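Novice:
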Amino acid sequence: MSATTPVFTASGLASGMDTSSIINQLVQLESQPITDLQTTQSNIKTQVSALGAISSALSALDSAAQDLGTNGAFASSAVSANASFTATPGSGATPGSYSVEVDSLASAAKWRSSGFGANATVAGGTLQLTVQGVTYDPITIQDGASLGDVADAIRQTGAPVSAMVVNDGTNSYLTLTDRDTGYPIGGQPSDALSLSFTADPAATGQDPGFAQLQPPASNARFQVDGLTFTRTSNTVSDALPGVTLTLKSATKVPEDLELAADTNGTQARLQTFVSAYNSVMQLLQANLSPAKDTNRAVTLTGDSNVRALEASLQSFLSSEVPGLGGVRTLADIGIKTGQDGMLSIDTTTLSNALSADPNALNEIFSDQTAGISKVVDDLVQSQVGAAGALTADQNGLNDQVSEIDTQVAQMQTRIDSYRQNLVDQFSAMEQSISSLKTMSSYLASFFGGGTSSSSSSSSSSSSSSS
217 MSATTPVFTA SGLASGMDTS SIINQLVQLE SQPITDLQTT QSNIKTQVSA
267 LGAISSALSA LDSAAQDLGT NGAFASSAVS ANASFTATPG SGATPGSYSV
317 EVDSLASAAK WRSSGFGANA TVAGGTLQLT VQGVTYDPIT IQDGASLGDV
367 ADAIRQTGAP VSAMVVNDGT NSYLTLTDRD TGYPIGGQPS DALSLSFTAD
417 PAATGQDPGF AQLQPPASNA RFQVDGLTFT RTSNTVSDAL PGVTLTLKSA
467 TKVPEDLELA ADTNGTQARL QTFVSAYNSV MQLLQANLSP AKDTNRAVTL
517 TGDSNVRALE ASLQSFLSSE VPGLGGVRTL ADIGIKTGQD GMLSIDTTTL
567 SNALSADPNA LNEIFSDQTA GISKVVDDLV QSQVGAAGAL TADQNGLNDQ
617 VSEIDTQVAQ MQTRIDSYRQ NLVDQFSAME QSISSLKTMS SYLASFFGGG
667 TSSSSSSSSS SSSSSS
């Protein structure tokens, strides 16, 4: 038997007592402070999660506010039907009427090789490729290569061209197409895409015979209110502020583009901000005013920073942006607070604000001094920034969690020692009882045996006398 193997365990075999159960109950009573600490720690972790959810919701509110401050709240739509182009207003588009004339469309450059029969191969040599004024490393073509091999070699250069082999039923051709339309502004159409091939003197294959297809690459030309624009693409987003023009055909006939205020589009943009605000308020209310049957220990009812945050959110709704006309607050553009603390949009008020001063909707958010975007950003950073109030709360609670871990570990060490002492004591008791029982059995056997012997002797003497 190993020296570390106990000769006896507290099993209750000698005493008849359930010593294991007794020990477990005593240890459980002694461990109650650990259980209480673990319950407290679980509650704190739930509070940390709640603070994290509020912080995330605040960040989403900040993002929504910054989007309105940068891209504007006001939305417009194109109400005219135009044949030579389409207009897609975005943030920053301004209602108005514009004359647009499309003179030419942008097109891509294309080159093609000469036809190759079924068994024809390409001559060895060097292929030089230039795309949009950028010259790529020379491509070495092995003598006897196929058109597919040449296409693969072109693709491996990373040049923005499409290289494919087509067959007309008789011959195969290698076609190259510039992935981009047009050519560099101020340059020549040949700058869009050019190929040159130099065959090796000893080459036996067929010269690819590349030639540019006509017409060559062209740039888009159009006019807005008589001002001429030249662009390499048919999709133009820098001619009219906030408007993307997609040129469809070169009619060379002026067309009127009509942009009008879009109440539904504006409401949709504002709704993102409203929904983000309501998400924050719902979390705050759930923690600061929990339902009657809620375990308040897992909420933030006692957190003064959270309660102050709720008050701050409610107060900025009445912020006024100076220097504007009759549209200076969120209420002026239809964003109102209900009795439940949630925001909603009054479409009538919003429509009236659009009619009165559509630009003011953007300025309410974008004003660098007192705009809603700045107010919200300052508020959010004061809460979730590195030195923010909610950040400090989370750090403090996480410190408590760590401290409880340390306390529990220390207490568990003591409990383990307490359990071992009980086991040792009960083991000693059981061993003592076992020893006593062994001695009692021995004595009973010893004295019981002597009495029987004496009785036998007496009986023999009596028989002899008779």
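Straight run, no breaks: the sequence shown in this note's numbering ends on number 682. Quick reminder that beta carbons are idealized off the backbone N, C-alpha and C, glycines included. These numbers come from a predicted model, not from an experiment.
1. Distance, Cα to Cα, A433 vs A322?
2. Under DSSP, the beta strand (DSSP E) around T356 begins and ends at which residues?
3. Pull up the CB-CB distance for L411 and L363, whole angstroms please, since I reckon it's below 8 Å.
4. Roughly how many whole angstroms lie between the Cα atoms of T482 and F445?
5. Please state whether the Cβ-Cβ distance between L409 and V347 is less than 8 Å.
6. Taking DSSP's pairing of strands, which residues face Y314 in a bridge?
7. How should K326 be labelled, buried or exposed, when 16 other C-beta atoms within 10 angstroms of its C-beta is the threshold for buried?
8. Can you name, in chain order, every residue of its own chain whose Cβ lies under 8 Å from the Cβ of F532, other than the five neighbours on each side?
9. Under a three-way DSSP split, which group does R395 fall into?
10. Helix, strand or coil, according to DSSP, for L595 in the structure here?
11. Run the CB neighbour count on S465, radius 10 Å, all protein chains shown included, and call it buried at 16 or more, exposed below.
12. For S544, does the three-state DSSP call read helix, strand or coil?
13. In angstroms with no decimal places, state the Cα-to-Cα distance between M627 and S247.
14. At what residue ranges does the segment 416–492 contain a whole run of the beta strand (DSSP E), taking only runs of 3 or more?
15. For the segment 241–303, list the alpha helix (DSSP H) runs that are entirely contained and at least 4 residues long, ordered along the chain.
16. According to the neighbour-count rule (16 or more other Cβ atoms, all chains shown, within 10 Å of its Cβ), is S169 buried or exposed?
17. Excluding the five sequence neighbours on either side, which residues of its own chain have a C-beta within less than 7 Å of the C-beta of A375, listed in chain order?
18. Note down the Cα distance separating M497 from A605, rounded to an integer number of angstroms.
19. Taking C-beta to C-beta, are V338 and I355 nearer than 8 Å?
20. Do P424 and S330 have their C-beta atoms within less than 8 Å of each other?
21. Just list the residues that DSSP pairs A379 with in beta bridges.
Specialist: In brief:
1. 7 Å
2. I355 to I357
3. With 8 Å as the limit, L411 and L363 do not qualify as a contact, their Cβ atoms being about 14 Å apart.
4. 30 Å
5. yes
6. L473
7. buried
8. I588, V591, V592 and L595
9. coil
10. helix
11. exposed
12. The question names Ser, but residue 544 in the sequence shown is Arg. Three-state DSSP puts R544 in coil, outside helix and strand.
13. 8 Å
14. 436–440, 443–447, 451–456, 459–463 and 471–477
15. 248–287
16. This structure does not reach residue 169, given that the chain is present from 217 up to 682, and the question cannot be answered.
17. L345, V347 and Y352
18. 17 Å
19. no
20. yes
21. L392
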